[in-house]
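Asker: Numbering (UniProt numbering), first residue to last: 1 to 74.
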Amino acid sequence: MLLLDFVHPKLILQKLVEHLLKRIEANLRRELYYWHAYYDRRLPPGITALLKLEEFVAKFMSMCRKNSGSRKYV
Numbered sequence: 001m002l003l004l005d006f007v008h009p010k011l012i013l014q015k016l017v018e019h020l021l022k023r024i025e026a027n028l029r030r031e032l033y034y035w036h037a038y039y040d041r042r043l044p045p046g047i048t049a050l051l052k053l054e055e056f057v058a059k060f061m062s063m064c065r066k067n068s069g070s071r072k073y074v
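#1: Over the uninterrupted alpha helix (DSSP H) stretch that includes Asp40, give me the two end residues.
#2: In whole angstroms, what is the alpha-carbon distance linking Gln14 and Leu32?
#3: Work out the CA separation of Tyr38 and Lys59 for me, nearest whole Å.
#4: Where Val17 and Gly69 are concerned, what is the direct C-alpha to C-alpha distance, given to the nearest angstrom?
#5: What would DSSP say about His19, mapped onto helix, strand or coil?
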């Protein structure tokens, strides 16, 4: 919906990262900064950016799962 209202994809990514940084453990922040820079450079203009944003979220979820190790989510 944000992309349809002409909110720039880079702004969406930036705000998402700011929100995630407040809620993750310190040991994940460096990796999150890395992936933010990676996707920020490769973010296409327009509606196709939705796929890259989705890819970024999937990458973040993978990072969290790897970091959790044997911990179970409730």
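For each residue, glycine too, the CB sits at the ideal point set by N, CA and C.
Answerer: On the basis of the coordinates in this document:
#1: Unbroken alpha helix (DSSP H) run through Asp40: 26-42.
#2: The straight-line gap separating the alpha-carbon atoms of Gln14 and Leu32 is approximately 12 Å.
#3: Rounded to whole angstroms, the gap between the alpha carbons of Lys59 and Tyr38 is 11 Å.
#4: Looking at the two C-alpha atoms, the distance is approximately 23 Å.
#5: His19 sits in a helix when the DSSP states are folded into three classes.
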